[in-house]
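Remarks on the structure that follows.
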Amino acid sequence: AQKITQTQPGMFVQEKEAVTLDCTYDTSDQSYGLFWYKQPSSGEMIFLIYQGSYDEQNATEGRYSLNFQKARKSANLVISASQLGDSAMYFCAMREGYAGGFKTIFGAGTRLFVKA
Amino acid sequence: EAGVAQSPRYKIIEKRQSVAFWCNPISGHATLYWYQQILGQGPKLLIQFQNNGVVDDSQLPKDRFSAERLKGVDSTLKIQPAKLEDSAVYLCASSLDLGTGVYNEQFFGPGTRLTVL
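Just so you know, the sequences run in chain order A and B.
With the numbering used here, letter number 47 in the first sequence gets 47, and the count goes up by one each step, no holes.
With the numbering used here, letter number 50 in the second sequence gets 1050, and the count goes up by one each step, no holes.
In structure tokens:
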């Protein structure tokens, strides 16, 4: 089974509008972390936002917010007031423990296109 | 503060040849990661170093891939011999923390795009 599922290969959004990128995850651990990274065409992954499994409030970082629904195992990224520079690949990731330590597992990504 | 440096940025080789990638993490970062990102997929961890010791290399194809982090600073990843399916972007990342908890902010380099013909 996929640990991290991003069902939207590509998304379009009009500049200045909000967009939601979906992410569902699968784990039996009680303690885990959820991350979103942005990957522009330059290649490097840029950390955007983090949500811990025990955090009661949804994480926010500027125009980014994470809609965390623990019972549904979803961690959707919401980008408000989209900008042209937001066009990029976005990866959802989960960090969980295993016998040897901790590991971060990435989803397949969603490509976001922001239209002027 | 300088970011994670990687070289080369691009490499084209023929199958069965050898190739090496270099990574210099952010100064002071204890943990270094090498990922393989195949086109259309998310990054997959190949190996994780904590200082100069290997923490996790469970997904490293050890018959052809090797990596070292001498002196706990920069690192090299080698493929010998390369196969067609090794065509991918190889990302290096580092983190200040030891990578032993659920919170772990990783800083990535620009990657090396490898094409194996």
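By construction, the Cβ of each residue, glycine as well, lies at the ideal position given by its N, Cα and C atoms.
For G97 (chain A), the enclosing beta strand (DSSP E) stretches over residues 88-98.
Among the CB atoms of chain A, one or more fall inside 8 Å of the CB of Y1103 (chain B).
Straight through space, the alpha carbons of L1084 (chain B) and N76 (chain A) are spaced by roughly 35 Å.
Shown here, E1068 (chain B) sits in a strand according to DSSP, grouped into three states. One finds G1040, Q1041, G1042 in chain B with Cβ atoms closer than 8 Å to the Cβ of A108 (chain A), taken in chain order. The beta-bridge partner set that DSSP reports for I1079 (chain B) consists of B:V1019, B:F1065. Taking each of A:V13, A:A116, A:Y50, A:A81 in turn and checking the Cα distance to L66 (chain A), the smallest one comes out for A:Y50.
The DSSP-derived three-state label of G107 (chain A) is coil. Per DSSP, reduced to three states, the secondary structure at L77 (chain A) is strand. A18 (chain A) sits exposed, since fewer than 16 C-beta atoms from the chains shown fall within 10 Å of its C-beta. Judged by pairs of C-beta atoms under 8 Å, the region 57-65 of chain A does not touch the region 7-14 of chain A, as fewer than three such pairs exist. DSSP places D55 (chain A) in the coil class of the three-state scheme, outside both helix and strand.
Chain-order list of chain A residues neighbouring P1110 (chain B): S42, G43, E44, by C-beta distance under 8 Å.
Per the C-alpha coordinates, the member of A:Y37, A:G33, A:G43 positioned closest to R1009 (chain B) is A:G43.
Beta-bridge analysis with DSSP links I49 (chain A) to A:W36. Rounded to whole angstroms, the gap between the alpha carbons of S1027 (chain B) and S1094 (chain B) is 9 Å.
In the structure shown, D1086 (chain B) adopts helical secondary structure according to DSSP, grouped into three states.
Identification of residues in the region 1067-1090 of chain B having a C-beta nearer than 7 Å to some C-beta of chain A yields V1089, given in sequence order.
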